[in-house]
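Structure first, then comments.
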Amino acid sequence: LAKTTQPISMDSYEGQEVNITCSHNNIATNDYITWYQQFPSQGPRFIIQGYKTKVTNEVASLFIPADRKSSTLSLPRVSLSDTAVYYCLVGDTLTGFQKLVFGTGTRLLVSP
Amino acid sequence: GAGVSQSPSNKVTEKGKDVELRCDPISGHTALYWYRQRLGQGLEFLIYFQGNSAPDKSGLPSDRFSAERTGESVSTLTIQRTQQEDSAVYLCASSLGDRGEKLFFGSGTQLSVL
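Chains as they are written, first to last, in the numbering used here: chain F, 54 to 165; chain Z, 143 to 256.
Shown next, in the form of structure tokens:
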């Protein structure tokens, strides 16, 4: 199973763009890259998922280089409500995804 | 239902007692997951169901932990003879069971063992 490495914490201000990078050097061919957001006292919430290149939805963008050994979650113009823990996960839902340990994630603090 | 429902939301018990945690997944979701999250830490995988079967139980911390699922719907996680180190939030998630799909999480059960 691919292991992921993320920064433990990041600080930002309202209106700024935040980029959180995740390293996954031993990603497998079938693995997807998925990001979740977790607020206190809630379960994680799906943000975005990708396999290669760039994916964009109404919440974020996900940039994946050609070698797929890292990925970057980009949050445009963050607000105070984006303060949360962000988890990067790598795996294939049908084989190893269900065994993934989410890890400690990246704690993002957005200040006024 | 509209989302994954877990009950109770909070459970306080005495050391040595048994507890049962319930998860109602989203209707039609064949895959169901249990995770444990200790304070300030990431999610620890416990067990996974595909339909009513659990192909991998290796994440269960000890033989005091067990889980079952019936009717490809509700699942229960049972902890026997609870210990203080069992105190944590227990999260349930469900998914369609297809490759690459996303997990939908419940709000969890906060278990406190005194």
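Where a beta carbon is used, it is the ideal one built from N, C-alpha and C, also for glycine. The model shown is predicted, which means the values in this text are computed figures rather than measured ones.
| Asked | Found |
| --- | --- |
| Short Cβ contact (7 Å threshold) for cysteine 75/F with serine 127/F | no |
| Where glutamine 148/Z falls: helix, strand or coil (DSSP) | strand |
| DSSP-derived helix/strand/coil call for leucine 245/Z | coil |
| Residue range of the unbroken beta strand (DSSP E) whose run includes asparagine 72/F | 71–76 |
| Close-in-space but distant-in-sequence residues of the same chain around valine 255/Z (CB under 6 Å, 5 per side omitted) | Thr155, Lys157, Thr224, Gln226, Asp228 and Ser229 |
| Bounding residues of the beta strand (DSSP E) (the contiguous stretch that carries glutamine 252/Z) | 251–255 |
| Within-7 Å CB hit, glutamine 90/F to chain Z | no |
| Residues that arginine 121/F contacts on chain Z, provided the C-beta gap is smaller than 9 Å | Correct list: empty, because the minimum Cβ distance to chain Z is about 14 Å. |
| Contact list for the segment 73–87 of chain F against chain Z, Cβ threshold 9 Å | Asn83, Tyr85 and Thr87 |
| Cutoff 7 Å: glutamine 95/F Cβ touching any chain Z Cβ | yes |
| Sub-7 Å separation of arginine 178/Z and leucine 163/Z beta-carbons | no |
| Spatial distance of glycine 149/F from valine 138/F (CA atoms) | Residue placement at glycine 149/F cannot be trusted, given a pLDDT of 49 that sits under 50; what the coordinates show is reported in the next sentence. Going by the C-alpha atoms only, they are around 23 Å apart. |
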